[in-house]
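Data first, discussion second: the structure below is written as structure tokens.
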Amino acid sequence: MTELNSNSVDVLVIGGGNAALCAALVAREAGASVLLLEAAPREWRGGNSAHTRNLRCMHDAPQDVLTGAYPEQEFWEDLLKVTGGITDEKLARLAIRESSRCRDWMRKHGVNFQPSLSGTLHLSRTNAFFMGGGKALVNAYYRSAEALGVQVRYNAPVERLELENGEFRAAWVGTERIAARACVMAAGGFESNREWLREAWGQNADGEWPADNFAIRGTRFNRGVLLKFMIDAGADSIGDPSQSHCVAIDARAPQYDGGICTRIDCVSLGIVVNRNAERFYDEGEDFWPKRYAIWGRLVAQQPGQIGFSVIDAKANGRFMPPVFPGETANTLEELARKLGLDEATFVRTVREYNAACRIGRFDHTVLDDCHTEGLAPAKTHWALPIDKPPFRGYALRPGITFTYLGLKVNEAAAVHFSGVPSANLFVAGEMMAGNVLGKGYTAGVGMTIGTAFGRIAGAHAAAAALKKGVEHAAA
Ligand SMILES: Cc1cc2nc3c(=O)[nH]c(=O)nc-3n(C[C@H](O)[C@H](O)[C@H](O)COP(=O)(O)OP(=O)(O)OC[C@H]3O[C@@H](n4cnc5c(N)ncnc54)[C@H](O)[C@@H]3O)c2cc1C
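Heads up: the sequence shown begins at 0 in numbering that gives the first Met the number 0, then just goes up one per residue.
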């Protein structure tokens with residue numbers, strides 16, 4: 000057995016994505032010595048955070064790359080709406096307020112911002128985009144952390160912790176024991192643990208295991224090892240294991256790390272049918288950023304866990320085109336054949352939809368008045384007939400972004416055991432996002448939660464290790 004710097008590390012950070020890096024940087028700034036353990040090799044470092052593009056930010060007036068205002072109350076109401084009330088208001092508001100004051104700190108550590116590009120995501124007011132995406136963000140944070148003296152170790156998956164009366168003593172990587180005075184866990188969700196996903200989603204009435212057909216949009220290293228260990232060790236958990244951010248993505252996506260380029264963003268501009276060539280949900284329910292995260296689950300509930308997004312030539316130029324071209328055809332019959340759908344049923348579905356369209360003033364930037372009448376399910380906005388060739392279709396599969404099951408925290412990001420907060424064990428990011436996001440999603444809030452609670456956890460871990468007050472503004 001080897002022991003690394005026994006009792007010389009103040010703060011141990013487990014994980015290597017945004018939440019872990021924010022915690023490590025803040026703990027180091029507070030004067031603590033910090034060691035960060037990343038399960039992935041260096042070239043795959045950064046977890047799901049490396050795939051991100053933006054951060055949802057509260058602001059009361061236009062700010063550099065953000066237009067208009069996005070006040071606390073509106074952010075909170077958006078969160079309330081998407082979670083259906085399954086959120087902790089105190090923690091949610093804490094994250095929201097933090098989002099209004101973290102960007103100067105982010106800039107200080109090398110993160111640059113750019114305005115959103117036009118497309119279907121309508122995010123220029125609410126979300127600040129990272130120049131170079133999440134990969135540039137994590138690279139900047141690693142550079143800054145190393146410059147400040149944070150020790151970083153790759154290929155270091157933590158398997159278990161040593162706990163004593165709810166306090167952290169050491170972490171184990173294989174046979175190596177690593178002690179520290181305080182610890183921040185930021186090791187992501189369990190989305191890359193196929194067996195756990197299978198268990199959470201179960202078997203459907205047709206005998207299928209839906210999780211077998213899921214692609215994982217991000218890192219293969221978020222296997223939930225630490226989450227499972229902590230739950231088994233008696234830490235209070237929060238959230239439903241079957242809840243996850245699950246998007247409909249290109250069915251040709253790789254099993255891991257497909258990232259954002261596998262997303263299909265034309266759902267609200269056309270119709271979506273299942274393997275039986277039948278529609279199953281209102282494609283025009285709300286703006287795409289507020290709805291894209293429900294489509295993975297909707298597709299997961301269809302036979303064979305597959306759907307087909309169908310548009311016509313009128314949709315061209317109105318959405319961010321996917322990287323890989325879809326199937327294209329000059330007739331509906333030909334498109335059905337190319338997508339492997341029953342021709343007669345598909346043509347009937349499209350014709351019934353076309354006949355039900357009540358065309359008003361099409362405007363994809365507002366909830367317009369183009370809708371269907373007498374059709375079930377209805378399409379409530381942006382309903383234009385699919386009648387202008389060439390027609391295009393994309394096969395869709397559920398793509399899991401991250402899971403919501405996590406550990407319960409308080410405003411100090413402390414892990415709880417039977418309602419009692421730990422004095423030196425903290426958690427941030429996906430591992431506790433379920434406190435704020437019980438279900439649903441609104442674009443950019445994953446990084447808001449990770450940045451806010453990463454910084455809070457880092458500040459409290461440093462204070463616990465150095466036995467002094469908390470320096471972080473929000474803490
Ligand atoms: C394709 C994609 C696009 C996204 N786009 C956005 C976006 O634009 N805006 C947004 O807000 N959110 C977005 N998200 C969600 C966002 O990625 C997460 O909410 C956020 O990155 C979570 O940060 P984290 O640090 O908790 O987890 P991660 O960034 O996933 O980091 C977890 C880290 O823990 C490490 N790890 C796992 N297990 C262990 C272990 N046992 N020991 C040591 N290390 C371990 C992993 O290797 C990884 O480095 C996106 C996600 C994906 C997949």
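Yeah, the Cβ is synthetic: ideal placement off N, Cα and C, and Gly gets one too.
Here L147 is exposed: its Cβ has fewer than 16 other Cβ atoms, across all protein chains shown, within 10 Å. E76 counts as exposed, since fewer than 16 other beta carbons sit within 10 angstroms of its beta carbon. Restricting attention to beta strand (DSSP E) runs no shorter than 3 residues, the stretch 223 to 256 encloses them at 243 to 249, ordered along the chain.
For R360 and R92, the gap between their C-alpha atoms comes out near 37 Å. For I237, the shortest separation between its Cβ and any heavy atom of ligand 1 does not lie below 8 Å. Between E194 and A451, the C-beta gap is not smaller than 9 Å, which leaves the two residues out of contact. When rounded, the separation of the alpha-carbon atoms in A18 and G45 is 10 Å. One alpha carbon belongs to A422, the other to E28, and they sit about 20 Å apart.
Comparing alpha-carbon positions, the option among N221, E71, I248, N212 lying closest to A185 turns out to be N221. DSSP, read as helix, strand or coil, puts E429 in helix. A straight-line Cα-Cα distance of about 41 Å links R55 and V346. Annotation: S241 to W200 spans about 6 Å, alpha carbon to alpha carbon. By the CB criterion at 9 Å, I85 and G437 fall inside the cutoff. For A234, same chain residues with a beta-carbon under 8 Å away, outside a window of 5 residues either side, are L406, K407, V414, H415, F416 in chain order. The straight-line gap separating the alpha-carbon atoms of P388 and R357 is approximately 20 Å.
In chain order, R278, F279, G306, F307, V309, L340, F345, T348 place their CB closer than 8 Å to the CB of V272, counting only its own chain and leaving out the 5 sequence neighbours on each side. In the three-state scheme derived from DSSP, where H, G and I count as helix and E and B as strand, V151 is classed as strand.
Taking C-alpha positions only, Y440 is separated from A343 by approximately 37 Å. For R222, the CB falls within less than 8 Å of some heavy atom of ligand 1. As the crow flies, the alpha-carbon of L331 is around 32 Å from that of G206.
For T344, the uninterrupted alpha helix (DSSP H) run begins and ends at 342 to 355, by DSSP. Following the DSSP letters along the chain, one finds H459 inside the alpha helix (DSSP H) bounded by residues 444 to 465. Residue pairing by DSSP places A127 opposite L54 in a beta bridge.
By DSSP's assignment, Y69 forms a beta bridge with H58.
Membership of E161 in the beta strand (DSSP E) is indicated by the continuous run 159 to 163.
Rounded to the nearest whole angstrom, the C-alpha separation of N315 and V266 is 12 Å. Rounded to whole angstroms, D9 and R216 show a C-alpha spacing of 34 Å. By the CB criterion at 9 Å, D63 and S99 fall outside the cutoff. The secondary-structure analysis by DSSP pairs F307 across a beta bridge with V272, A394. The three-state secondary structure of N423, taken from DSSP, is strand. Under the three-state reduction of DSSP, G46 is assigned to helix. In the three-state reduction of the DSSP assignment, F220 falls in the coil class.
Note on geometry: alpha-carbon atoms of E166 and T371 lie some 58 Å from one another. The alpha-carbon separation between I399 and G187 amounts to approximately 13 Å. Per DSSP, the unbroken beta strand (DSSP E) holding L36 starts and ends at 33 to 36. Inclusion of L24 and C182 in the CB contact set at 9 Å is not warranted, their separation being larger than that value.
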